[in-house]
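Q: For what it's worth, the working numbering labels the leading residue of the sequence shown as 272, then goes sequentially. Built from N, CA and C at the ideal position, the CB exists for glycine as well. All figures in this text were calculated on a predicted structure; none of them were measured in a lab.
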Amino acid sequence: MISITSIQDLRRQIAQERLKSHSIGFVPTMGALHKGHISLIKEAKKHNQTCIASIFVNPLQFNNVEDFNKYPIQNEKDIQLLKDAGCDYLFLPSVAEFYPATPKLSIHIGPLDRILEGAHRPGHFSGVAIVVSKLFHMVMPDKAYFGQKDLQQVAVINQLVNELDFPIEIITCPIIREESGLAMSSRNMRLSAAGKTVAANIFLCLEFLEKALKNGIGTPVQPIQKMGMDFLNQFEGIRVEYLEIVQADTLQTITHLEPGSNVAVCVAAYVEEVRLIDNLVIIL
Ligand code: AMP
Numbered sequence: 272m273i274s275i276t277s278i279q280d281l282r283r284q285i286a287q288e289r290l291k292s293h294s295i296g297f298v299p300t301m302g303a304l305h306k307g308h309i310s311l312i313k314e315a316k317k318h319n320q321t322c323i324a325s326i327f328v329n330p331l332q333f334n335n336v337e338d339f340n341k342y343p344i345q346n347e348k349d350i351q352l353l354k355d356a357g358c359d360y361l362f363l364p365s366v367a368e369f370y371p372a373t374p375k376l377s378i379h380i381g382p383l384d385r386i387l388e389g390a391h392r393p394g395h396f397s398g399v400a401i402v403v404s405k406l407f408h409m410v411m412p413d414k415a416y417f418g419q420k421d422l423q424q425v426a427v428i429n430q431l432v433n434e435l436d437f438p439i440e441i442i443t444c445p446i447i448r449e450e451s452g453l454a455m456s457s458r459n460m461r462l463s464a465a466g467k468t469v470a471a472n473i474f475l476c477l478e479f480l481e482k483a484l485k486n487g488i489g490t491p492v493q494p495i496q497k498m499g500m501d502f503l504n505q506f507e508g509i510r511v512e513y514l515e516i517v518q519a520d521t522l523q524t525i526t527h528l529e530p531g532s533n534v535a536v537c538v539a540a541y542v543e544e545v546r547l548i549d550n551l552v553i554i555l
């Protein structure tokens, strides 16, 4: 695997790959890699001749300075994991290389920015849209791979690609979980063993709601949403920020459970002051 830190070198290498008519699969990450990230690399590797990963902890998308400062960094370990997964290139720019000056631009996302993560993390999706746009311009991949773990991020990136005509296919990959059901996340490294055990109840709640939603087809959503809140609130170590049952594609609120519709249960909760998100998409 070739590690690259400058944008100029990245462009040079990509030009070489293009000369060979190689298709490029791209996996943007913020590092502290786990099996969830590696599943995206494997998928990119399977369907493209060249696989490029990036590791960049993007300061623009952190609405909380403490969260940014505490974000885990383990570049040596990440490089080994990427090599083992067969990744061809790693782009690992510094903040000074990536943003020679702090961008004055912000991207107005629209309705998606007023719900769920958008509503609770002001400026987050603008930061995501800027970093992803810049990375797409630099890498110019054929396909880019994102995890359903960040369901709303996928919706924002699909909107970005459609509305700005990036000639890139966005591939969404399933959530990889621990045996306990806890969705893998770089932030899990900040949890104690006891914290991880408590956090696994978030997935139990999603499974509990899946059954309740399937039994509740044709009924209003609100009582089932309350059942989910009550389920999580019984655990002292979990502080729920939101639990919403929404339309799976638009992520907009629904009032009734229509047969045949796709709904998503989206949760954000704190365990040991670590903010965790998870979701489950359910076909009714
Ligand atoms: P991050 O490094 O957290 O920005 O994540 C980089 C990519 O990996 C994003 O597309 C995430 O959605 C994806 N990802 C993170 N956790 C998981 C997981 N548990 N399963 C699948 N994909 C994931």
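#1: Would you mind working out which of Y360, P374, E314 sits nearest N329, comparing C-alpha positions?
#2: What separation, rounded to the nearest whole angstrom, lies between the Cα atoms of V511 and L422?
#3: Which of the three DSSP states, helix, strand or coil, is assigned to Q518?
#4: Quick one: using the 10 Å Cβ neighbour count with 16 as the cut-off for buried, is H395 buried or exposed?
#5: E515 and L387 - do their beta-carbons sit closer together than 8 Å?
#6: Determine, using beta-carbon pairs with one atom in the region 428-444 and one in the region 501-508, whether at least three such pairs fall under 8 Å.
#7: Can you tell me which of P491, A535, Y513, N533 puts its alpha carbon nearest to the alpha carbon of L547?
#8: What does the alpha-carbon distance come out to for the pair V534 and N550?
#9: At a cut-off of 7 Å, would you count K313 as near ligand 1, judging by its Cβ distance to the nearest heavy atom?
#10: By DSSP's criteria, Y416 is part of a beta bridge. Which residues make up the other side?
#11: Are the beta-carbon atoms of A315 and S457 separated by less than 8 Å?
#12: Flag K420 as yes when its Cβ comes closer than 7 Å to any non-hydrogen atom of ligand 1, and as no otherwise.
#13: Taking 7 Å as the line, does the beta carbon of C358 fall inside it for any heavy atom of ligand 1?
#14: Between the alpha carbons of A367 and Q332, how many angstroms are there, rounded?
#15: Contact defined as beta carbons within less than 8 Å: I believe T300 pairs with S274. What is the distance between those atoms, to the nearest angstrom?
#16: When you compare the CB of I295 with every CB in chain B, is at least one pair closer than 8 Å?
A: On the basis of the coordinates in this document:
#1: Residue mapping note: residue 329 aligns to position 58 of the sequence shown, counting from 1. Comparing Cα-Cα distances from N329 to each of Y360, P374, E314, the minimum goes to P374.
#2: Numbered from 1 along the sequence shown, position 240 holds the residue referred to as residue 511. Numbered from 1 along the sequence shown, position 151 holds the residue referred to as residue 422. Near 18 Å, if we compare the C-alpha coordinates of L422 and V511.
#3: Against the sequence shown, residue 518 aligns to sequence position 247. DSSP places Q518 in strand when its eight states are reduced to three.
#4: Here residue 395 refers to the residue found at position 124 of the sequence shown. Counting Cβ neighbours within 10 Å, H395 comes out buried, since at least 16 surround it.
#5: For the purposes of this step, residue 387 is identified with residue 116 of the sequence shown, where counting begins at 1. For the purposes of this step, residue 515 is identified with residue 244 of the sequence shown, where counting begins at 1. Yes. Within cutoff.
#6: no
#7: Taking the sequence shown and counting its residues from 1, one reaches residue 547 at position 276. When only C-alpha atoms are compared, the closest one is Y513.
#8: Taking the sequence shown and counting its residues from 1, the one referred to as residue 534 is at position 263. Taking the sequence shown and counting its residues from 1, the one referred to as residue 550 is at position 279. Roughly 10 Å separates the two Cα atoms.
#9: The residue given as residue 313 occupies position 42 in the sequence shown. Not so, every heavy atom of ligand 1 lies at least 7 Å from the Cβ.
#10: The residue you call residue 416 lines up with position 145 of the sequence shown. Answer is I442, bridged to Y416.
#11: As a working note, residue 315 is residue 44 in the sequence shown. As a working note, residue 457 is residue 186 in the sequence shown. No; because the gap between Cβ atoms is not below 8 Å, this pair is not in contact.
#12: In the sequence shown, residue 420 corresponds to position 149, counting from 1. Checking the Cβ of K420 against ligand 1 gives yes.
#13: Position 87 of the sequence shown, counted from the start, is the residue given in the question as residue 358. No, the Cβ of C358 stays beyond 7 Å of every heavy atom of ligand 1.
#14: In the sequence shown, residue 367 corresponds to position 96, counting from 1. In the sequence shown, residue 332 corresponds to position 61, counting from 1. About 16 Å.
#15: Taking the sequence shown and counting its residues from 1, the one referred to as residue 300 is at position 29. Taking the sequence shown and counting its residues from 1, the one referred to as residue 274 is at position 3. Not really, about 14 Å apart at Cβ, beyond 8 Å.
#16: Absent here is chain B; the protein component of the structure consists of one chain.
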